[in-house]
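Q: Following this message is one structure expressed as structure tokens.
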Amino acid sequence: MYRYDEYDQRLVDERVAQFSDQTRRYLAGELSEDEFRPLRLQNGLYIQRHAPMLRIAVPYGLFSSAQLRKLAHIARHYDRGYGHFTTRQNIQFNWPALEKVPEILAQLATVQMHAIQTSGNCIRNITSDPYAGVAADELIDPRPWCEILRQWSSFHPEFAHLPRKFKFAVNGAEEDRAVIQAHDIGLDVVKNAAGEVGFRVLVGGGLGRTPIIGEEIAAFVPWQHIVTYCESILRVYNLHGRRDNKYKARIKILVKALGIEEFRRQVEAEWTFHKDGPSTLTAAEVARVAAHFVDPAYETLPATDVGYASLLAENKPFAAWVKRNVRAHKVPGYASVTVSLKKTGVPPGDITESQMDLLADLADAYSYGEVRATHQQNLVLADVRQSDLFKVWQTLRDAGLATPNIGLLTDIISCPGGDYCGLANAKSIPIANAIQERFDNLDYLYDIGEIELNISGCMNACGHHHVGHIGVLGVDKNGEEWYQVTIGGDQGNKAAIGKVIGPSFAAHEMPDVVTRLIETYLANRHEDERFVDTVRRIGIEPFKAHVYGNRQTEKKVAHA
Amino acid sequence: MPKVIRNRRVEDDARQIVRLAEGVTPETVSIPAGPVLVPLAVWQARTTELAARGDVGVWLDAAEGAELIAADLPKLAAVAVNFPAFTDGRGYSTAALLRTRHGYTGELRAIGDVLRDQFQAYVRCGFDTLQPNDGRYTDAQLEAAIASLGDFSVPYQGAVDEPRPLWARAQREVRAS
């Protein structure tokens, strides 16, 4: 993974000093609340329902065992013993004291971590494929490009006060696991017919209040020019994005208002001034960054380990876990393990300090000291030998981290919701937990098969509900919490925005609603057809009919 | 006399900023003698008169693009960009465009809601003169704020003050894991 040199370290140390002084001036009354807000947000610090919330950057989801141990330390000493992984592949702490944040940042800086630009109206932490470098379907490793863009965007002086937040995602595999179509800029690293590396550039995607799938602005930008091309997009957006209404300020609104043709024309016109300028990348710089992402010293192993194969045959729970939580690896004899943070009864994405320490130990012992965060709020040990899988599973299982549900109905994506977040209209975690409890039968879960259920507690869509096969959105109606349901959303190559099935539901109805959606699917599916594909084929009407069939009586009960 | 930070030093500055009060038109607003910064609309309405003075500068508001003043740059004693709120970041791009695209080399001043926590970003985008709103900082605070200009000693990316990105101006080693 990327290791800081003296320059990276100096910047992070200087940020700690800068933010310490800003916090001091705020506490001394020299900085007003309004003046401090954007400064603290650009450092990941929210003032939330109960306490400040600190969002720490995990650049493109990749981190080391030493970094994970430091996060455990912070959870233990500055928070309440746990952290929360988000759909941005970052981690959040919900209870730090504002006065202690500079100290936390200083601690993070000792392990090359920070909270830079994890919030605020700036270029945010870049997301990518959690299986980058190890996925069998990878065409080009996205990580060096993520790192190059991370450096370019960190403290970019021109783009520190954009009209709104700005999110990049980079994908380099056949299957898009970074949801590039739902980002302000989505980059697909590709090769052209001549074998040259470049980028297919999407722009104007995003969820939130106005969910929009990004459009292609360039089919192929040669790698040398990707920084200047992005700079051109950002400058057009900075100057022309709306600033009168924050709900209409994202780049997607500008792209829609101008039309992709006109937006492209403006970007290309701007680019003529940047192209071939000083920020044009060189092969030497790309090679320097890429050298941080070379393969670890993999052993030469048989494609299938004999001991592993026999344990698979003998041990049903182990086999069930392997089936769901273990992925094929590009190197024979290795596998990638997805650590489920979706145990029933635990808030999705939450992890305790002792679990973090344990995972750091496992990473050191079995996965070259690296861990990855997924946007589904799970963690990954990417490079585990098949022969070690059984030991890894036993350790994870004992720690409550081996729920064999990856990609299944209980692998719910959920924002922290109204229990923690000051923005939320409704709770998310209790809904997620109630659905998990209803579907706690593994055989039934396996029969339902691959499905994504995403829950957001408000329009900001941190739970990516629009792209869930089943999406749940918390809404506020006259001070009461209600839940609107969408189906047919999808992420990945066929990204789609889900359709609302009808009037919203009370919290206690949600397990029944999901049950009825699943019943409709099971009654209509073709063999091997996923829930979302059935929705695509038969439309939302049959689902609607079954869910709302006896809705009138329920409504009366709900309002009685 | 108002204070500005010019080229990293606190200086007294006599240049007056003319803002259009309610009901006053660009044609009729009275322009004091001595160095001034006038709104773009005033300059456009009275270019000949104001250009003849030789000490007149123009300030652009956040929504007024650099291209609107590009042709007149040789006639101006100074150019300023107004930040109606420090969170309105258009002025950064405007400054960068004035410096790089339109080749402006004279005084380029940030005015309005200009805060010390943004000082370095302003300078990196091409401003040489920073003028916070009257009364925002005491003289001592302004002196202390000079330090903000050095918050980041080696920025990653190129900007107006140093167009080369870090990798083009420093030998960076690989520290592979």
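As given, the protein sequences belong to chains A and B, one line each in that order. Here the numbering used here is used: the first residue of the first sequence is 501, the next is one more, and so on. Here the numbering used here is used: the first residue of the second sequence is 98, the next is one more, and so on. For glycine and all other residues, C-beta sits at the position ideal for the given N, C-alpha and C. Bear in mind that the values here come from a model prediction, so they are computed numbers and not experimental data.
(1) Could you name the residues of the region 239-259 of chain B whose beta carbon sits closer than 7 Å to any beta carbon of chain A, in the order they occur along the chain?
(2) On the DSSP bridge assignment, give the partners of Arg106 (chain B) in chain order.
(3) Check the Cβ-Cβ distances between Thr226 (chain B) and every residue of chain A, and say whether any is below 8 Å.
(4) Who does Leu702 (chain A) pair with in a DSSP beta bridge?
(5) Taking C-beta pairs closer than 7 Å, name the residues in chain B that Gln518 (chain A) reaches, listed in chain order.
(6) For chain A, find out if any of its Cβ atoms is closer than 8 Å to the Cβ of Glu270 (chain B); answer yes or no.
(7) In the DSSP assignment, what are the bridge partners of Pro817 (chain A)?
(8) Does Gln651 (chain A) come within less than 8 Å of chain B when only Cβ atoms are used?
(9) Need the endpoints of the alpha helix (DSSP H) that Leu973 (chain A) sits in, please.
(10) What is the DSSP secondary structure of Tyr234 (chain B), reduced to helix, strand or coil?
(11) In the region 511-562 of chain A, which residue ranges form an unbroken alpha helix (DSSP H) of at least 4 residues, counting only runs that do not cross its ends?
(12) Quick one: which chain A residues come within Cβ less than 8 Å of Thr278 (chain B)?
(13) Step through the CB atoms of chain B and report whether any lies within less than 8 Å of the CB of Pro657 (chain A).
(14) Indicate whether at least one CB of chain B lies closer than 8 Å to the CB of Arg735 (chain A).
(15) Run through chain B and tell me which residues come within less than 9 Å of Pro559 (chain A), C-beta to C-beta.
(16) Taking buried to mean at least 16 other C-beta atoms within 10 Å of its own C-beta, is Pro596 (chain A) buried or exposed?
(17) Return the CA-CA distance between Asp641 (chain A) and Ala148 (chain B), expressed in angstroms with no decimal places.
(18) How about Asp169 (chain B): is its C-beta nearer than 8 Å to some C-beta of chain A?
(19) Closer than 7 Å, Cβ to Cβ, to anything on chain B: give me those residues from the region 779-792 of chain A, in chain order.
(20) If you scan the region 556-615 of chain A from start to end, which runs of the beta strand (DSSP E) of 3 or more residues do you find wholly inside it?
(21) Would you call Met856 (chain A) buried or exposed, if buried means 16 or more other Cβ atoms sit within 10 Å of its Cβ?
(22) Spell out the partners DSSP gives Thr226 (chain B) in its beta bridges.
(23) Give me the chain B residues within the contact set of Glu535 (chain A), using Cβ-Cβ distance strictly less than 7 Å, ordered along the chain.
(24) Give me the residue from B:Leu246, B:Tyr234 and B:Ala265 with the minimum Cα distance to Asp225 (chain B).
(25) What are the boundary residues of the alpha helix (DSSP H) that includes Glu870 (chain A)?
(26) Please say whether Gln617 (chain A) and Ser654 (chain A) have beta carbons closer to each other than 8 Å?
(27) Does any CB atom of chain A fall closer than 8 Å to the CB of Ala207 (chain B)?
(28) State the DSSP-derived secondary structure class of Pro832 (chain A), mapped to helix, strand or coil.
(29) From the beta carbon of Gln886 (chain A), is the nearest beta carbon of chain B less than 8 Å away?
(30) Could you check whether the region 801-812 of chain A touches the region 887-898 of chain A, counting it as contact only if at least three pairs of C-beta atoms, one from each stretch, sit closer than 8 Å?
(31) For Arg261 (chain B), go through chain A and note every residue whose CB falls closer than 7 Å to its CB, in chain order.
(32) CB-CB under 7 Å to Cys222 (chain B), same chain, minus the five flanking residues each way: which ones, in chain order?
(33) Please report how far the alpha carbon of Leu531 (chain A) lies from the alpha carbon of Arg525 (chain A), in whole angstroms.
(34) Does DSSP classify Ile640 (chain A) as helix, strand or coil?
(35) Taking only beta-carbon positions, decide if Glu647 (chain A) is within less than 8 Å of chain B.
(36) Listing by chain order, which chain A residues have their CB less than 9 Å from the CB of Tyr201 (chain B)?
A: Per the coordinate set shown:
(1) Residues passing the 7 Å Cβ filter: Asp248, Phe249, Ser250, Val251, Pro252, Tyr253, Gln254, Gly255 and Ala256.
(2) Arg106 (chain B) has B:Arg103 as its beta-bridge partners, per DSSP.
(3) Closer than 8 Å to the CB of Thr226 (chain B) there is not a single CB belonging to chain A.
(4) BP columns for Leu702 (chain A) point to A:Gly686 and A:Glu716.
(5) The answer, in chain order, is Asp248.
(6) Interface with chain A (8 Å Cβ-Cβ cutoff): Glu270 (chain B) is included.
(7) BP columns for Pro817 (chain A) are empty, so no partner.
(8) Yes, contact with chain B.
(9) Premise fails: Leu973 (chain A) lies in the beta strand (DSSP E), Ile970 to Lys977, not in any alpha helix (DSSP H).
(10) In this structure, DSSP gives Tyr234 (chain B) a state outside helix and strand, which the three-state scheme calls coil.
(11) Listed in chain order, the complete alpha helix (DSSP H) runs (minimum 4 residues) inside the region 511-562 of chain A are 533-541.
(12) Because chain B is modelled from 98 through 274, residue 278 (chain B) falls outside the range shown and cannot be assessed.
(13) Yes, Pro657 (chain A) lies at the interface with chain B (some Cβ there is under 8 Å from its Cβ).
(14) Among the residues facing chain B, Arg735 (chain A) is included, as its CB has a counterpart in that chain under 8 Å away.
(15) At a C-beta separation below 9 Å, Pro559 (chain A) has no neighbours in chain B, since its nearest C-beta there lies roughly 13 Å away.
(16) Of the other Cβ atoms in all chains shown, 16 or more fall within 10 Å of the Cβ of Pro596 (chain A); this residue is therefore buried.
(17) Each residue's alpha carbon lies about 57 Å from the other.
(18) Residue-level contact by beta carbon fails for Asp169 (chain B) and chain A, as no gap is shorter than 8 Å.
(19) Within the region 779-792 of chain A, the residues whose Cβ lies closer than 7 Å to some Cβ of chain B are Ser779, Glu785, Arg788, Ala791 and His792, listed in chain order.
(20) Residue ranges of uninterrupted beta strand (DSSP E) with 3 or more members, entirely inside the region 556-615 of chain A and ordered along the chain, are 562-564, 582-585 and 591-593.
(21) So Met856 (chain A) ends up on the buried side.
(22) Per DSSP, B:Arg103 and B:Arg206.
(23) Neighbourhood of Glu535 (chain A) in chain B, by CB distance below 7 Å: Leu212, in chain order.
(24) Of the listed residues, the one whose Cα sits closest to Asp225 (chain B) is B:Leu246.
(25) For Glu870 (chain A), there is no enclosing alpha helix (DSSP H); the enclosing beta strand (DSSP E) has its first and last residue at Glu870 to Ala873.
(26) Yes, the pair counts as a contact, with Cβ atoms nearer than the cut-off.
(27) With 8 Å as the cut-off, Ala207 (chain B) does not count as an interface residue toward chain A.
(28) The answer is coil: DSSP assigns Pro832 (chain A) none of H, G, I, E or B.
(29) By the rule that beta-carbons nearer than 8 Å mark a contact, Gln886 (chain A) does not touch chain B.
(30) Verdict: yes, contact present.
(31) Neighbours of Arg261 (chain B) in chain A, taken as residues at a C-beta separation under 7 Å, are given in chain order as Pro778.
(32) Cβ neighbours of Cys222 (chain B) beyond the five flanking positions: Tyr189, Ala192, Ala193, Ala256 and Val257.
(33) So the two alpha carbons sit approximately 6 Å from each other.
(34) Ile640 (chain A): coil per DSSP, three-state reduction.
(35) At a cut-off of 8 Å between beta carbons, Glu647 (chain A) makes no contact with chain B.
(36) What Tyr201 (chain B) touches in chain A: nothing, since even the nearest Cβ is about 15 Å away.
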